[in-house]
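These notes concern the structure reproduced below.
Chains as they are written, first to last, in UniProt numbering: chain R, 1 to 983; chain G, 1 to 300.
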């Protein structure tokens, strides 16, 4: 018996020691979330390899990032995201230890410490007008002296000390209306050269120490110029004339300007295309692109032009690199099929190659757009070269010794749109070939694991074991899981590349550079617009792969020609692509699918036609059935008009197109342009599921939610108050918000916030909308909530009505009902300004909702919807407290534990996407900006599953112990009984 | 308030534009005095909201003494399906000009022209085809059509009741019409059935709506001072007593202890017990009470 007690006590101890933790602990970081850091497409790169320390490359990118990368592995040493309106224009190194960046149109100059990226100083440069900006750092030959930083920006020239950022002198050129394009320094003089208009060339000579104007000179060129002026050497420039048939050579020896001109046809006989001077800085040389050739032309001392070489299929030419005294080399790239040839040549000795390598680069990376080279000393004391290449898909490659040392997928820093796809269902059995192929890997893995258990593994082995475990772990498998946590995130980037990321670990499963979104002769500036789920097989078409639709357009204007691409979501192969004959103004996924589960889409063009896709007779049949039930709306934000449309008939064209339809306007809302301007519109997500139609109030009253898919939230601001906060007074600022039914154009609710202004960020879900704006009177940000309730169904409260079937809940609801809605609203102060706002989505809509707020600090805050309940009162009654109503406060709490990004930052946060998992309690949250971040969140905790750290072994042990205890006690009592009977 | 500052119009120019706006109207209208209710043939009914809602947007500073009135009217046009718009009726209202420059419409009345035979025929066509009956209003009542016409439409089959019934909700912002919500006053059940009206005359209901003001954010001084931390906690769970928290562990522990104690008390008695008789007879007593574990065994 004592034994039984001991066992029981032991069990009790076990049970009491298993407490379930709900919040995230430090060691749980990375279990369910991943975070990837990117920098974006590189604009400038500087190598820093002279010192014996860590070899690094400094880059500035189109995402306004300044970063220092490890040259060995491509990892980020340090990184600063400057923000979207602080674009980096110039990057250089001063004093050998500071990284100098010029940003915001030449108005902010910063110095960063080279090893750790700490900011050393920042100078804001004043100026009167906007102009091009140039950063020029004069390398002082005497090492002990200060480097002088010359900056042309905002119409004036500044000389800044490199040590502390002090502005030494400033020369304003605003009065001269000169567009300075080059700064040249001779020993103690500085020349600023540039054009006034397009043919007057001016040179100003300044004293380097004081900035005093010494002399100015100008000449009028015989013809207008085209493109940028290129500096060939200290005092020589080349520029094309307007017709692009002549090359002008300008020489400013000692401030005297002289020019010469030469016809391109004199240099090369059979050229027909338009010539462009490439912006590569080469001593005494320049590169001219004409047709598909690149001509390298030498500028002699007599300003004569001599053709040096003609390179076919050249893709990119680097700047010159000074190897030793008087020896300069540069690199260029030549495409040949899938091979890429990298040549490094000496500028003066054209015949020999310093380096010739051929590399095979994945053709999904496209062409090479930029190349930067760096030299190093090989083991045999000769010069070796490494090249940093920026590809068409914005990825970054380092090539050395004919091999790609590392790559960075920096296209992922500019995600445009996101959608998801389910993974394939797990097939029973594994093919033998696959096993055999991986047999060695498998053996190696087991040896490693054995080493691990025997504690003889080296640190590298431990890392390998960890990686192996992560790879073989459940979460990164390529099959669908029971909980629906494993999915493919399909993202479209600005470069026109589509990536599929695994939600388990964030790795790239496949990627494709869409040829419809590549730059061509006909399509100069292609932009990827949106990505849609085209085919989501789940019932009868399960054996087909899902596919997605990518919509793109040539250029930002609506009138540009458009293209569609269809991509297999499992393999990443392009199934089909269409160059459309019509334009795209709007794409409307219809809630109908055909027999292969392809979703029907209507594409609206700017000439008021609607086109149906897919173009199959079956789709036409489906649309004809639902012809009178298709409604949509369009927002003309510039005009301040919202219109509703419906299909009318087939197009009346010369060519009969049965997939083309005319439509008509059903309704319009015209906002008075003098008092309102549309700044934000939001609708409900089409895939949102609402579980409960009614809300039970505290007094057991029922309120019916007004749940409609055709509902639009519009926020209008006063025209004077559309600028930045602080430009308008509270009296001239107001915010008018509307809730509109998009089928009939009814305004369901309209409300004015006086003294408030945008920017407005809003999210619509179920029957409520939450929006964020600035209150000028209170000098604070506010978040408001509006809940819409349906009064027409409010009579259905009586139980007897339900019993007798006298309710109107099952009758179809038509939008032509006159809705009787009531709204409840409430506003709260909120501390942060907001970059994005989203709401959690779950598969059945049962779980309570959380708002996901992307804060200005690039983090994601999860805020319970209960805090944004319009029914919150100061002193809730007991019944209200039981319902979960929180006492009213004027501001919303920010609980530091509820940051779902915990300690990480999603730099440059632009959007948040939530995807419901199959498990009701959980949804996946994907936040994107320059960085990517994915995590799982459970707003009501994981009530429908055991936590990850639940110990099944302990459960089993408990059961075994209990069974054993029963036996033991049974035996004991049996024995006791026997003893008693013997007495 | 700021809205009204925005379009500050002199009353003189206002009257001028008003008169200009008239010209087009007068061509279409019979010379009937507006404001006189009760048409000749069409039975109509109009209810307009009192100006209280109209004034809410300006309610923060009310200039009750300073309003100057003028009468204006604007036309309603309608279209059958995709046909062109033609005049269908007339709205008349009082334009109130406040001393601070704002203008609001009050006392809206509506008179519909009777349907002509051609119109009746086209309306029947609409009913058969389940097509849209469309109406439009100018977006500015002083200088029609303003920037653009405000269009609204309804499935024609929603309108016939006893006669034809319609319901207008006109959303105004000063003298601008933002939107008009047009439809049947009651329900329009789906599927819509073909039903011809008994009487070819409209019963019209009109409502004028202005923007309401958003509720102001509550401000609590004490919270602003230093309640932030308290808010951060959200709802604090009520501190429960030790017993309330751990009774499920304590009761079995107590039982076990009791069990163990009785066991321990019995043990020493067992060992010296060489005497049968009285002590032996006593023993079954506590054994029965000992607990459920021995119960079933004993019964067997």
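Note that beta-carbon positions come from the ideal geometry of N, C-alpha and C, so glycine has one too. Note that the structure is a prediction, hence the values are computed from the model and not measured.
For the region 145-170 of chain G, the residues whose beta carbon sits under 7 angstroms from a beta carbon of chain R are, in order, 147, 148, 150, 151, 152, 153, 154, 155, 158 and 167.
Looking only at R:770, R:622, R:660 and R:659, the smallest Cα-Cα distance to residue 681 of chain R is reached by R:770. Annotation note: the region 561-592 of chain R contains the following uninterrupted beta strand (DSSP E) runs of length 3 or greater, listed N- to C-terminal: 562-568 and 574-579. A Cβ of chain G is located within less than 9 angstroms of the beta carbon of residue 753 of chain R. Secondary-structure assignment with DSSP links residue 552 of chain R through a beta bridge to R:528 and R:563. About 6 angstroms separates the Cβ atoms of residue 238 of chain R and residue 247 of chain R, confirming a contact at the 8 angstroms cut-off. Per DSSP, the continuous alpha helix (DSSP H) segment holding residue 439 of chain R begins and ends at 439-453. Within its own chain, the residues whose Cβ lies closer than 7 angstroms to the Cβ of residue 935 of chain R, once the five positions on either side in sequence are excluded, are 32, 33, 900 and 925, listed in chain order.
Put simply, the backbone Cα of residue 159 of chain G is about 7 angstroms away from that of residue 183 of chain G. Counting the other CB atoms within 10 Å of its CB gives residue 633 of chain R a total of 16 or more, which places it among the buried residues. Here the alpha carbons of residue 89 of chain G and residue 732 of chain R stand approximately 37 angstroms from one another. Those residues of the region 182-203 of chain G placed with their C-beta closer than 9 angstroms to a C-beta in chain R are 182, 183, 184, 185, 186, 187, 188, 189, 190, 191 and 192, ordered along the chain.
In terms of CA proximity to residue 87 of chain R, R:61 leads the group R:61, R:127 and R:67. Residue pairing by DSSP places residue 780 of chain R opposite R:775 in a beta bridge. For the pair residue 302 of chain R and residue 180 of chain R, the Cα-to-Cα distance works out to about 25 angstroms. Residue nearest to residue 885 of chain R within the set R:697, R:976, R:36 and R:128 is R:697 (criterion: CA-CA distance). Inter-residue distance for residue 763 of chain R and residue 493 of chain R is about 24 angstroms (C-alpha atoms, whole angstroms). Look at the region 105-136 of chain G: the residues with a C-beta under 8 angstroms from a C-beta of chain R are 130, 132 and 134. Collapsing the DSSP output to three states places residue 172 of chain G in a strand. Separation of residue 675 of chain R and residue 149 of chain G (C-alpha to C-alpha, rounded to the nearest whole angstrom) is 18 angstroms. As the crow flies, the alpha-carbon of residue 834 of chain R is around 14 angstroms from that of residue 83 of chain R. Neighbours of residue 139 of chain G in chain R, taken as residues at a C-beta separation under 7 angstroms, are given in chain order as 670. In the DSSP secondary-structure assignment, residue 335 of chain R is bridged to R:340.
From the beta-carbon of residue 219 of chain G, the residues of chain R found nearer than 7 angstroms are 890. Taking C-alpha positions only, residue 919 of chain R is separated from residue 691 of chain R by approximately 15 angstroms.
Here the alpha carbons of residue 67 of chain R and residue 354 of chain R stand approximately 30 angstroms from one another. Residue burial annotation: residue 322 of chain R is exposed, with fewer than 16 other C-beta atoms found within 10 angstroms of its C-beta. For residue 828 of chain R, the C-beta contacts it makes with chain G under 9 angstroms involve 217 and 218, in order along the chain. In chain order, 152, 153, 154, 181, 182 and 183 make up the part of chain G whose C-beta sits under 9 angstroms from the C-beta of residue 744 of chain R. Per DSSP, residue 880 of chain R is one residue of the alpha helix (DSSP H) stretching across 878-883. Look at residue 99 of chain G: its C-beta is not under 9 angstroms from any C-beta on chain R. Across the set R:725, R:743 and R:766, the C-alpha of R:725 shows the shortest separation from the C-alpha of residue 758 of chain R. Relative to residue 76 of chain G, the option among G:250, G:152 and G:99 whose CA is nearest is G:152. Residue-level contact by beta carbon holds for residue 176 of chain G and chain R, with a gap shorter than 9 angstroms. Taken through DSSP and simplified to helix, strand or coil, residue 411 of chain R comes out as helix. Fully enclosed beta strand (DSSP E) runs of no fewer than 3 residues occupy 56-61, 65-70, 76-81, 88-94, 98-103, 108-113 and 119-124 of the region 47-127 of chain R, in order along the chain.
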